[in-house]
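Engineer: First to last, the sequence lines map onto chains A and B.
Counting from 1, position 176 in the first sequence corresponds to residue 282 in my numbering; the numbering is continuous, with no gaps.
Counting from 1, position 347 in the second sequence corresponds to residue 453 in my numbering; the numbering is continuous, with no gaps.
We put the beta carbon where it would ideally sit given N, CA and C, even for glycine.
There are 2 protein chains.
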Amino acid sequence: MAPKKGKLTLKEFSETLGLSKSTVSRALGGYSDVSPKTRAKIEAAAQDLGYVPDPLARGLKRGRVESVGIVIVRGTPALYDPFLSEFLDGVSRSLNARGRDLLVSTAGSTQEAVEVYRRLIEARKVDGFILSRTETHDPRIKFLRSAAVPFVSHGRSDSADDYAWFDIDNEAAFVEAVSLAAQQGHRNIAHIAAPPHMNFARLRLKGFLRGIAASGIASKDAPVHTAPNLDIESGEEIARRLLLLPDPPTAIVCAVDLLAIGAYTAVKSLGLTVGRDVSIFGYDGLPFGAYLEPQLTTFDQSGGDHGAQVADMLLDVIEGKDPATLQVIRQAKLLKRASDGPPAQSTEELARKIACGDAA
Amino acid sequence: MAPKKGKLTLKEFSETLGLSKSTVSRALGGYSDVSPKTRAKIEAAAQDLGYVPDPLARGLKRGRVESVGIVIVRGTPALYDPFLSEFLDGVSRSLNARGRDLLVSTAGSTQEAVEVYRRLIEARKVDGFILSRTETHDPRIKFLRSAAVPFVSHGRSDSADDYAWFDIDNEAAFVEAVSLAAQQGHRNIAHIAAPPHMNFARLRLKGFLRGIAASGIASKDAPVHTAPNLDIESGEEIARRLLLLPDPPTAIVCAVDLLAIGAYTAVKSLGLTVGRDVSIFGYDGLPFGAYLEPQLTTFDQSGGDHGAQVADMLLDVIEGKDPATLQVIRQAKLLKRASDGPPAQSTEELARKIACGDAA
DNA sequence: AAAAAAAACAAAACCGGTTTTGTAAACGAC
DNA sequence: GTCGTTTACAAAACCGGTTTTGTTTTTTTT
């Protein structure tokens, strides 16, 4: 257990074995021109004396550093994003299992993120990148593709299909939410959308509209308002605006949980009951949703799994697999809780109730 | 802008300048034996041609890699900790400003974290570590100290004072919370404590007790219950238990915001009003607290600043500064909101109210 | 049994820098 | 004007590995 001081070097190690550096290196590297007997001896000794090649020296020659990077863009849904923590945990686990590490940096915008990429590539600190929260037109993807640096993105951008990505079927999830609401009897269903430069926002809106069409609801009964920011305040503000429409929606499908939480506040402040007067659907599966009153119906993201899978994909790309063959889409899982249900009354009645309550 | 293919190497670079590798290297390194004229020329050319030394090669010779590591321990207050995100952001900013990067890994326990440290040190992937969420007896600190690896911890452990740390004055914060409550007229003040193996928990409890003593409250009127986990459920369960005591507290001081959020639920489920019947104090400054009804009174942590400062301290240690001289303590800032106030009634009256309401 | 081929290991070059040591020219002192 | 210092740069060693090329020795082929 005595941790060697200044580390055991290949030269020393091979000398104690009475062999040359090259033979030892090749033996450990699994090359063919080493006799089985010698190889066994070397491996045993390495184990024994705790010889581990210095990754710096190895990286210098090999051109790899066994680390991957992720640059987190501040703002938008904020760093304050539980999903992100879980995601990072998944990434880290997966990387560690394969002897790699994760380098994390932050940036104020995707543009700034590109600068960080540039620096990290130049400095040879990573072998590839993981992208998250992709935007519709994402400069990061453009850059990394042109720089020919391995990467995998969590979420697609518009520029389709010759890179590796992992994505949730956002569209299908929102079709599902709308269909469920329609089935429960809602005829006026609103959507609080996320800013459309986020790619997931576009897809969720698309799903919402498809769901509306499939349910035979007129588009005038399916108002879409876009939240300026993905935070609770915005959710409250927009939800309030929706409920004060002449034909208020009896169900509100929110692009993300934070908006849904804001919507709760709006509904309650109008003297209404979430889940009866107004149904609310979220998306993200924030743990917090289970503590709302009533518990929020939402979609689970299980960030850990996503992170692990994305990391695995990236390692494959780094090892030479064709990125275009690595495209995975997964279905979101509805977390049915208590914020949805058949509407207690029609839109007209709801409008009247709001008018009275609000005046009161 | 043409990004050089296979990177510009020192050899190539010095050849185009008609100088030797060594001279160029020494010029850029700021050594003395280069004429000012030559140095200027070299620096201009480096800027121009975009020459950046390969950190791998440099690290190999210098023994430094210009990265620091942080190993996040899952569980306990969970990865789902907004403070952590901000903290990481601060660390990253500070490091990037000084040309360093952050390597992030996760572990299931502090013991496991030590294994990760060992691996990262062996693999020479980092020059030092940042620790967070220190425990009272922290094996990580013991290990890093014995391994003589630079580190700075965010939060102290019991083993006092020959390493670098940055900490909040937890004790003072809780004295303040209790004093405020006492001043508002509370004579029965409870504490929901965090598990005592977390060092901050110990200090907060200590502060609570000191505040109680200073306010002349009998210890029998200051019950302390320890939450098994730092989550919302635990908070609810313990708060409920406290409120069903014969002499229920009119104020509950919680070790962390998550517990306070749980306490809200307990108070409300007993038909009581937070801030009137029962005052609640949190600690953490979770953004979410501002959306509770009523808004949670808590202490601000501003994780970003902490992270930045800790990172700066670590770089100082790595550069040879004596860790024992780097010990910073900062005062927490009370975020006075609406969950506290003078008690609406005495303990006895509250007990009666609870008994009735609960029966009803 | 001689020539060709394969096996097993060693020597040397290389990755891209930094640092130590060397050396020619310019400078200063006596 | 000779000798000792500086000054300014170059050559070479080194960091700790990997990989290419070389060299024996053994085995196979004919």
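#1: Which residues in the same chain have their Cβ closer than 7 Å to the Cβ of Gly447 of chain A, if we skip the five residues on either side of it in sequence?
#2: Measuring CB atoms only, is the stretch 115-127 of chain A touching the stretch 141-152 of chain A, in the sense that at least three cross pairs come out at less than 8 Å?
#3: Closer than 8 Å by beta-carbon distance: list the chain B residues that pair up with Leu166 of chain A, in chain order.
#4: Which residues does DSSP list as the beta-bridge partners of Cys462 of chain A?
#5: Cβ of Lys231 of chain A less than 8 Å from any chain B Cβ?
#6: Just to confirm the assignment: which complete beta strand (DSSP E) runs, minimum length 3, are found wholly within the stretch 185-256 of chain A?
#7: Would you say His260 of chain B touches the ligand HEM, meaning its beta carbon is less than 7 Å from a heavy atom?
#8: Three-state secondary structure (DSSP) at Arg436 of chain B?
#9: If the cut-off is 8 Å on Cβ atoms, which residues from the stretch 209-221 of chain A count as contacting chain B, listed in chain order?
#10: Measuring CA to CA, which of A:Leu398, A:Asp353, A:Ser215 and A:Leu378 is closest to Ala366 of chain A?
#11: Within the same chain, show all residues whose beta-carbon is closer than 8 Å to that of Gly388 of chain B, passing over the 5 residues directly before and after it, in chain order.
#12: How about Arg458 of chain A: is its C-beta nearer than 8 Å to some C-beta of chain B?
#13: Considering only C-alpha positions, which residue in the set A:Gly322, A:Arg436, A:Pro159 and A:Ala333 is nearest to Ala300 of chain A?
#14: For chain B, find out if any of its Cβ atoms is closer than 8 Å to the Cβ of Asp327 of chain A; answer yes or no.
#15: Name the one or two DSSP bridge partners that Gly317 of chain B has.
#16: Using DSSP bridges, identify the partner residues of Phe272 of chain A.
#17: For chain B, find out if any of its Cβ atoms is closer than 8 Å to the Cβ of Phe394 of chain A; answer yes or no.
#18: Helix, strand or coil for Val359 of chain A? Go by DSSP, reduced to three states.
#19: Under three-state DSSP, which class holds Leu441 of chain A?
#20: By the 10 Å Cβ neighbour count, where 16 or more other Cβ atoms means buried, how is Asp268 of chain A classified, buried or exposed?
#21: At least one CB of chain A closer than 8 Å to the CB of Leu398 of chain B: is that the case?
#22: If you draw a straight line from the alpha carbon of Val258 of chain A to that of Asp264 of chain A, how long is it in whole angstroms?
#23: Since His412 of chain B is in the alpha helix (DSSP H), which residue starts that stretch and which ends it?
#24: Along chain A, which residues have their Cβ under 8 Å away from the Cβ of Val171 of chain B?
#25: Between the C-alpha atoms of Ala478 of chain A and Arg164 of chain A, what's the straight-line distance to the nearest angstrom?
#26: Report the rounded CA-to-CA distance for Thr144 of chain B versus Asp275 of chain A, giving the unit in angstroms.
#27: Between Ala417 of chain A and Leu201 of chain A, which are expected to be in contact by the criterion C-beta below 8 Å, what is the C-beta distance as a whole number of angstroms?
#28: Taking all protein chains shown into account, do 16 or more other C-beta atoms lie within 10 angstroms of the C-beta of Arg293 of chain B, making it buried, or fewer, making it exposed?
#29: Pull up the distance between the alpha-carbon of Ala219 of chain B and that of Ala254 of chain B, whole angstroms please.
#30: Does Asn335 of chain A get closer than 8 Å to chain B when you measure Cβ to Cβ?
#31: Determine, for Arg199 of chain A, whether the minimum Cβ-Cβ distance to residues of chain B falls below 8 Å.
#32: Cα-Cα, which of A:Ala324, A:Asp390, A:Ala229 and A:Glu425 is closest to Ala437 of chain A?
#33: Check whether the stretch 160-178 of chain A touches the stretch 227-235 of chain A, counting contact only when three or more Cβ pairs, one atom from each stretch, lie closer than 8 Å.
#34: If we count the other Cβ atoms within 10 Å of its Cβ and call it buried at 16 or more, is Ala320 of chain B buried or exposed?
#35: For Glu228 of chain A, return the contacting residues in chain B, with the cut-off set at a CB-CB distance below 7 Å.
#36: Out of A:Phe272, A:Ser325 and A:Arg316, which one is the CA nearest neighbour of His260 of chain A?
Structural biologist: On the basis of the supplied data:
#1: Gln290, Gly381, Arg382 and Ser385
#2: The stretch 115-127 of chain A vs the stretch 141-152 of chain A: in contact.
#3: Asp160, Leu162, Ala163 and Leu166, listed in chain order.
#4: Beta bridge pairing from DSSP links Cys462 of chain A with no other residue.
#5: yes
#6: 207-213 and 235-238
#7: Absence of the ligand HEM is noted for the structure shown, with no ligands found whatsoever.
#8: strand
#9: Look at the stretch 209-221 of chain A: the residues with a C-beta under 8 Å from a C-beta of chain B are Leu209, Val210, Ser211 and Thr212.
#10: A:Leu398
#11: Cys360, Val362, Asp363, Leu365, Ala366, Ile367, Gly395, Leu402, Thr403, Thr404, Phe405 and Ser445
#12: Cβ-Cβ to chain B under 8 Å: no for Arg458 of chain A.
#13: That would be A:Ala333, whose Cα lies nearest to the Cα of Ala300 of chain A.
#14: no
#15: According to DSSP, Gly317 of chain B bridges with nothing at all.
#16: Per DSSP, the beta-bridge partners of Phe272 of chain A are A:His260 and A:Val434.
#17: yes
#18: strand
#19: Per DSSP, reduced to three states, the secondary structure at Leu441 of chain A is strand.
#20: exposed
#21: no
#22: 15 Å
#23: Counting along the chain, the alpha helix (DSSP H) containing His412 of chain B begins and ends at Gly409 to Ile424.
#24: Leu162
#25: For chain A, the structure presents residues 107 to 466; residue 478 of chain A sits outside this window and is missing.
#26: 60 Å
#27: Confirmed, Cβ separation roughly 5 Å.
#28: buried
#29: 16 Å
#30: no
#31: yes
#32: The residue asked about is misnamed: residue 437 of chain A is Gln in this sequence, not Ala. For Gln437 of chain A, the nearest C-alpha among the options comes from A:Asp390.
#33: yes
#34: Exposed: under 16 other Cβ atoms inside 10 Å.
#35: Per Cβ cutoff of 7 Å: Val158.
#36: Distances from the CA of His260 of chain A to each of A:Phe272, A:Ser325 and A:Arg316 were compared; the closest alpha carbon is that of A:Phe272.
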